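Mapping of the sequence shown onto the numbering used here: position 331 corresponds to residue 334, and the numbering continues sequentially without gaps. By construction, the Cβ of each residue, glycine as well, lies at the ideal position given by its N, Cα and C atoms. Note that the structure is predicted; figures quoted are calculated from it, not measured. What follows is a single structure, written as structure tokens, with notes after it.
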Amino acid sequence: MQPVAQYLKSLDSRLKLAILIVCDTGLLTACVFASYWLRLSQIEIPAFERLHLFLVGPLIGVCALYVGKVYYSVSRSYSARTEWRIMQTQAAVPFLWAFFLVVFGMEGFPRSVLLVNWSLSVLALIGWRRLMAKMLSTALPVIRQVDPSPVIIFGAKDTGIRLFETLIEEGKLKPVAFADDDPELIGRRVSGLKVIRTEDIGGLVAQENVGTLLVAKPELSRRARRALVDLLQPLHLEVRIVPDLADVASGQSRLSEMRPIRIQDLLGRDPVPPRQNLLDEAVKDQCVLITGAGGSIGSEIVRQVSINQPKQIILVESSEYNLFEIHREIEQKIVRESWGLTIHAVLGSVSDQNFMKRVFARWKVDIVFHAAAYKHVTMVEQNPGPAIYNNVLGTLYCAQSARDAKVKRFVLISTDKAVNPTSLMGATKRVSELVVQAMARQENQTVFTMVRFGNVLGSSGSVVPLFTEQIERGGPVTVTHPDVVRY
4 MQPVAQYLKS LDSRLKLAIL IVCDTGLLTA CVFASYWLRL SQIEIPAFER
54 LHLFLVGPLI GVCALYVGKV YYSVSRSYSA RTEWRIMQTQ AAVPFLWAFF
104 LVVFGMEGFP RSVLLVNWSL SVLALIGWRR LMAKMLSTAL PVIRQVDPSP
154 VIIFGAKDTG IRLFETLIEE GKLKPVAFAD DDPELIGRRV SGLKVIRTED
204 IGGLVAQENV GTLLVAKPEL SRRARRALVD LLQPLHLEVR IVPDLADVAS
254 GQSRLSEMRP IRIQDLLGRD PVPPRQNLLD EAVKDQCVLI TGAGGSIGSE
304 IVRQVSINQP KQIILVESSE YNLFEIHREI EQKIVRESWG LTIHAVLGSV
354 SDQNFMKRVF ARWKVDIVFH AAAYKHVTMV EQNPGPAIYN NVLGTLYCAQ
404 SARDAKVKRF VLISTDKAVN PTSLMGATKR VSELVVQAMA RQENQTVFTM
454 VRFGNVLGSS GSVVPLFTEQ IERGGPVTVT HPDVVRY
């Protein structure tokens with residue numbers, strides 16, 4: 004039994020779901036025939052033309068289980084909460100089945116069979132789940148951690164309960180309590196654990212030697228997250244956040260794959276969502292070329308473009324490593340999501356005019372996002388020649404090649420430092436803007452536009468990754484002197 008249990012545990016979550024659905028369908032179908040036997044003391048073998056009347060009940064039952072989220076957790080963590088969900092979801096089946104029979108004709112179909120079938124279905128579904136939970140719990144203790152680490156789950160509603168069940172199943176972490184800021188939940192017991200106030204976390208941390216708090220409350224605002232982190236800071240707790248539930252449902256992530264809290268989670272403002280109609284107009288079914296595709300801004304443009312159904316993406320990058328990383332990341336998403344998208348990685352510099360001409364001659368490009376540039380102020384100051392060549396001439400060569408290839412749209416990614424520039428980097432970006440403006444005044448089929456970015460959170464060489472690296476090394480953290488000149 005143990006090899007079978009280990010094999011089942013190792014299966015992909017979507018394959019596990021498929022196995023459960025097939026088993027439930029077979030079980031519910033058997034319950035239909037058993038209901039006939041109990042009601043009429045004989046096994047009913049329906050004629051082919053009436054077979055759909057028999058099979059619609061099990062199909063409705065499985066759909067009800069799925070809609071009722073019973074399949075979110077069917078494992079060793081099986082609980083009374085799952086049994087209650089099964090009874091709730093199956094209660095609707097007799098009524099929906101009866102409606103179907105009325106519409107399509109129920110001659111010779113005893114109505115009492117519906118009630119008998121409901122009782123059998125609930126007992127069978129609960130019974131086989133209890134049996135499987137018992138068998139798996141017996142067979143799998145050897146692959147559990149001997150001493151799972153104690154954790155507290157913040158969020159005692161649906162997501163937190165699902166996380167609790169998943170952690171119990173995997174056995175690597177041991178939930179010792181729920182914490183929540185909802186007054187209606189505080190003091191209650193959820194899945195056998197007490198729900199404590201946020202302010203009481205410190206006492207439990209010392210008592211249970213807790214080292215990690217798992218945030219399982221998707222509706223928690225950024226301001227509330229920041230307040231929570233501030234409150235927990237003296238406790239030296241590791242704070243981790245559950246993945247997006249949409250990623251869990253699609254199989255991209257597992258609920259137990261918590262990520263560390265990021266600076267974006269603590270911002271005092273919510274992100275502004277893009278307008279989907281504009282994204283569709285710009286990139287859907289288009290061939291998109293992105294220069295500087297491996298950089299901080301370029302790579303994020305690649306990610307956002309890729310999820311909006313372009314036909315092709317051409318990645319142009321001078322750094323072999325950065326090009327490899329972003330190409331591999333998008334290739335994996337294409338395979339995982341079954342996107343109808345082709346992606347091409349092109350290694351080269353935008354300051355090579357012949358190279359850019361060859362790129363545009365090879366592919367029928369519809370839109371260009373020109374993000375390739377040297378952006379670090381200090382490096383540009385120390386290396387003015389290469390910076391001017393790359394930022395200014397690179398923009399000119401790319402824009403000219405786009406114009407000659409009759410590209411529909413060319414977008415320059417510029418910076419706020421191009422406004423009244425006080426540094427060489429800002430000056431080169433301002434000149435590149437003037438180049439694009441001059442190209443736009445010429446009569447051609449390409450629409451030339453530009454956008455100025457402000458400070459990009461977490462970009463390479465910026466303060467956030469620098470501070471993070473210094474903190475991980477144990478310090479010291481270097482802070483700029485207030486009298487230093489700001490470029």
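So, does the segment 188-197 touch the segment 219-231, judging by three or more C-beta pairs under 8 Å? no
Residue nearest to L166 in terms of C-alpha spacing, selected from Q93, K287 and L217: L217
Can you pull the DSSP bridge partners for V154? P178 and T215
So is V480 buried or exposed if we call it buried at 16+ other beta carbons inside 10 Å? exposed
L170 to P276 span [Cα, whole Å]: 33 Å
Residue interval of the beta strand (DSSP E) (run including K72): It is not in any beta strand (DSSP E) - K72 carries neither H nor E in the DSSP assignment.
Any idea what DSSP makes of D355, helix, strand or coil? coil
Chain C within 7 Å of V308, Cβ atoms only: You won't find chain C in this structure, because it holds only one protein chain.
Apart from the five residues on each side of it in sequence, which residues of its chain come closer than 6 Å, Cβ to Cβ, to D419? R455 and G457
Once you ignore the five residues that flank V213 on each side, which residues in its own chain have a CB closer than 6 Å to its CB? P153 and I155
Candidates E334, A348 and Q312: closest to L326 by CA position: A348
For I370, the three-state DSSP class (helix, strand or coil): strand
Is it buried or exposed for A375, if we count other Cβ within 10 angstroms and need 16 for buried? buried
Pairs of beta-carbons, one from the segment 281-288 and one from the segment 305-323, closer than 8 Å: are there three or more? yes
Measure the C-alpha to C-alpha separation of E320 and V25 and round it to an integer number of angstroms. 48 Å
Exposure label - Q93; buried when at least 16 CB within 10 Å: buried
What does the alpha-carbon distance come out to for the pair T398 and R228? 42 Å
Bounding residues of the beta strand (DSSP E) (the contiguous stretch that carries V319): Q315 to E320
Is V353 closer than 7 Å to F413 when the C-beta atoms are compared? no
Using a 10 Å radius around the Cβ and a threshold of 16 neighbouring Cβ atoms, would you call F98 buried or exposed? exposed
From the DSSP secondary-structure annotation, give me the bridge partner or partners of L415. H373 and M453
Please work out which residues of its chain come closer than 7 Å, Cβ to Cβ, to Q116, disregarding the five sequence neighbours upstream and downstream, and give them in chain order. It should be pointed out that residue 116 corresponds to Val in this sequence rather than to Gln. Cβ neighbours of V116 beyond the five flanking positions: S38, Y39 and R42.
Return the CA-CA distance between P246 and P485, expressed in angstroms with no decimal places. 39 Å
Contacting residues, own chain, Cβ-Cβ under 6 Å from K409 (five flanking each side not counted): Q448
Beta-carbon spacing of G64, V96 below 7 Å: yes
Simplified DSSP assignment, three categories, for D183: strand
Buried/exposed call for I89, threshold 16 Cβ in 10 Å: buried
CB-CB length for A127 against C34, believed under 8 Å: 6 Å
Does the structure place the segment 383-403 close enough to the segment 431-446 that three or more beta carbon pairs sit under 8 Å? yes
Report the residue from L30, S417 and Q307 whose alpha carbon sits nearest the alpha carbon of G429. S417
Buried or exposed (CB count within 10 angstroms, at least 16 for buried), T452: exposed
Looking only at DSSP bridge pairs, what is R200 linked to? D183
Throw me the rounded Cβ distance for the P151 and G174 pair, which I believe falls under 8 Å. 6 Å
Look at the Cβ atom of T431, then the Cβ atom of A405, and state whether they are nearer than 7 Å. no
If the criterion is Cβ atoms closer than 7 Å, does the pair I304 and I293 meet it? yes
Classify I63 as helix, strand or coil using the three-state DSSP reduction. helix
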